[in-house]
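Structure first, then comments.
Chains as they are written, first to last, in my numbering: chain X, 1 to 446; chain E, 1001 to 1446.
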């Protein structure tokens, strides 16, 4: 379409908080609470520590908070680090239609900016919703070819969302929002080859940082193409194949992608979730040991092997993308938490023995939120279970209470309990608070 | 190839200054002098001013110089700004086999780092040569498909060179150099759609900045894939098609891509150069006016239209990528300097009239450094000229004196003349100086 970028930019520029339906506001609050929980929970991981060691000393004025930690950084570096911590536990929210994890990218850019450029809670939520909308619509225009080619779509499409949210908070007009999206488009990056290494987290951090920077640059008159999305050598044709531009512009302001957002009950690659749920269901009443089991047979969607086919993971990051480790560890523990991805679990002899008994069969007819698990016992008996819609999927969403529970589990080890309660209250009342930056201060250490 | 990334990393880690042939050292000095001339000459352009206005206040410790200016910035932001200024005049050096402009990307990363982490002149030149080698070999593995698809290869392949040079100066070992190249690979970005806007300059700045940052991150243990170049979902397969990995590894340490480097005599897209030379040749003895001319007929390589087919450029950046403006302005002025791309030239009535008389015919049999120019006069006469190898091309390289002359033209309006002489001397003696950072201080204002 000749003016896709401009139509999208115009929508973002004109959308007002009062135009957002109540259900969308509610989902945005859930998404925000959930993202910050993930960033706080991930704030002590090695990816975060390495990144801080490498670039922390290059920070400008410490105007923005590092979630879950004491450091203060300049707004672009805070966006970078908070983006890394959002992703590091592989516990993010997911837009299932594109496999984008939008919360951390958009939130990290917007919140860091809000610490320098004040915004009301209502304006902040509006910018967050618009960022989500932009990232997912750009993603939809190029999915699934883009992802299959090897792009990490949370990085490549996510940067547009970070830019839109930051640009909205900066009050960019249409001309400058078009440029901001263009500056973002030409920095879109991230390869799926990096899954299992810290660079997977880097993608989210850089998308947040460069997205924020794109909005700042455009705000000072830095120019780009006016047709970055749709031009023959623009984003969608170079990083996609036969892009669907209608997905970007149809129903803008009437439908909201954030209403399709889902949240992970388990801290690992989302395509493994049905298998974990099935294994936990079978483990709970049966108390199985590796020596009782001859084989674990999994029938699942082809993406499971494509994305999480690592047979012998050596690190936590790799284990979170290993269906073999995940099935074995979930079956033995009867649950799936950070502990089941710890170094001691990854090197546990019983987990290793069971991991080798996992056999995966892919079946195109099985959906991504579905699986069949069959456990063949040495005695000849078979235990089996069909997961039709996994917990946390669109078919069986996590409740507000589930998300608050997850937030508490992630933050209580690091923040005082009173602070956790205050944070949850503030998030609930987001549309009525004067200064969105309070979220950042509550989620950081003094 | 199974270990392309590791082979390349190992070469960079092990290569010593004394392994570099004398001719390569000589070319590296030319390239360095030339790049810094371009950055100083471009330091007052609008792209640089906008970028500084947007991100200058976010700078950390001012350890590094902004070439041609007074500001001091942290090393990553200095790399960013010096990369932008390197490109802004479209006057860069070119590796003709890939169309990469390597000097500014690699130099901006390496020089900013050298202001914080001291390096001798010999070590700096070695790192610069290795960075050049890495960028161009990565580029060769995916050219021409990659460029034709719409990627700005100076950004996408350039970041590998910036990373290699910075990683070498940091003294990374093989394991960490592999990671550094991986971190670079997953940030490679830049769309040709941006040509004609400030984002073209941004690509060089970000490649320098993110390349430097990749080396810093790897140095602190930030991990990436060990097979970022060659893996099925790694850089070359995602951003290329049927990549040629031999181009990366064959002859490492025996052949040097920098020996193929070329320098532009005119401040615009390199594919227009033969046409400009032809027009100047015909203009000089003939003193033509627009009213004398019926038509300017150009026969040239198809890339001329693909890259510089803008009929009605409105800005300096657009005019530098317009064969129509360039031919008309060169013919009228009898020369091609910044003045012929100034706003007054772009809106000059005689230039506009003549621009509309330019007719381009593409011919696949004509090389990129060749053209036929025919000027049909109103009297019926035709003046014509064949440029076989344009000035500055491999077939007719710029001499040391030409490059020094160009450097003087770019820097003398901004730096004291004594400083310019001192800089040229220092560059000549580069292998004997103790501290490479002196280059940055000489090329900046106090």
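C-beta: ideal position from N, C-alpha, C; glycine also.
Close to chain X, meaning a Cβ-Cβ distance shorter than 9 Å, are the following residues of the region 1222 to 1248 of chain E: 1222, 1223, 1224, 1225, 1226, 1227, 1228, 1231, 1232, 1233, 1234, 1235, 1237, 1238, 1239.
Boundaries of the alpha helix (DSSP H) harbouring residue 200 of chain X: 199 to 219, taken from the DSSP string. Against residue 74 of chain X, the close residues of chain E are 1057, 1058, 1059, 1060, in the order they occur along the chain (beta-carbon pairs closer than 9 Å). Residue contact check for residue 1203 of chain E against chain X: a CB pair falls below 8 Å. The DSSP-derived three-state label of residue 50 of chain X is helix. Contact between the region 136 to 147 of chain X and the region 1013 to 1024 of chain E is absent: fewer than 3 CB-CB pairs across the two stretches fall below 8 Å. Chain-order list of chain X residues neighbouring residue 1183 of chain E: 199, 202, by C-beta distance under 8 Å. Taken in chain order, the whole alpha helix (DSSP H) runs of length 4 or more contained in the region 53 to 93 of chain X are 75 to 88. Taking all protein chains in view, the Cβ of residue 382 of chain X is surrounded by fewer than 16 other Cβ atoms within 10 Å, so the residue is classified as exposed. Residue pairing by DSSP places residue 374 of chain X opposite X:297, X:384 in a beta bridge. The C-beta distance from residue 228 of chain X to residue 5 of chain X rounds to 5 Å, short enough to meet the 8 Å contact threshold. Residues 1294, 1295, 1382 of the same chain have their beta carbon placed closer than 6 Å to that of residue 1376 of chain E, with the five preceding and five following residues left out of the count. Look at the region 142 to 157 of chain X: the residues with a C-beta under 7 Å from a C-beta of chain E are 149, 150, 151.
Residue 1209 of chain E sits close to residue 1079 of chain E, with the two beta carbons spaced by under 8 Å. Inclusion of residue 1058 of chain E and residue 391 of chain X in the CB contact set at 8 Å is not warranted, their separation being larger than that value. Identification of chain X residues near residue 1194 of chain E by a Cβ-Cβ cut-off of 8 Å yields 182, 186, 224, 225, 228, ordered along the chain. Residue contact with chain E for residue 213 of chain X: present (Cβ-Cβ distance below 8 Å to some residue of chain E). Proximity of residue 320 of chain X to chain E, defined by a Cβ-Cβ separation below 8 Å, is not satisfied. At a cut-off of 3 residues, not a single continuous stretch assigned as beta strand (DSSP E) sits fully inside the region 218 to 279 of chain X.
Across the structure, residue 1215 of chain E and residue 8 of chain X are spaced so that their CA atoms are roughly 36 Å apart. Take residue 1130 of chain E, set aside five residues on each side of it, and the residues of its chain with a beta-carbon closer than 7 Å to its own are 1012, 1015, 1164, 1165, 1168, in chain order.
315, 317: these are the residues of the region 290 to 321 of chain X whose beta carbon lies less than 9 Å from some beta carbon of chain E, given in chain order.
With the rule of 3 Cβ pairs closer than 8 Å, the region 1033 to 1041 of chain E counts as touching the region 1092 to 1111 of chain E. By the neighbour-count criterion, in which 16 or more other beta carbons inside 10 Å mark a residue as buried, residue 63 of chain X falls on the buried side.
Annotation for residue 1359 of chain E: 1295, 1296, 1297, 1298 place their beta carbon closer than 8 Å to its own, counting only its chain and skipping 5 residues before and after. Taking 8 Å as the CB threshold, residue 1339 of chain E stays off the interface with chain X. Excluding the 5 residues flanking it on each side, residue 446 of chain X has same chain C-beta neighbours closer than 8 Å at 70, in chain order.
Residue pairing from DSSP places residue 1359 of chain E in a beta bridge opposite E:1297. Pairwise C-beta distances place the region 1180 to 1196 of chain E out of contact with the region 1272 to 1291 of chain E, as fewer than three of them are shorter than 8 Å.
Here residue 255 of chain X is exposed: its Cβ has fewer than 16 other Cβ atoms, across all protein chains shown, within 10 Å.
Listed in chain order, the positions of the region 30 to 50 of chain X with a beta carbon within less than 9 Å of a beta carbon of chain E are 46, 47, 49, 50. For residue 1194 of chain E, the closest of E:1318, E:1158, E:1267 by C-alpha to C-alpha distance is E:1318. Interface annotation, residue 1167 of chain E: not in contact with chain X, CB-CB separation never under 8 Å. With respect to chain X, the C-beta atom of residue 1099 of chain E has no partner C-beta closer than 8 Å.
For a Cβ distance threshold of 7 Å, nothing in chain X lies close to residue 1283 of chain E: the least Cβ distance comes to about 32 Å.
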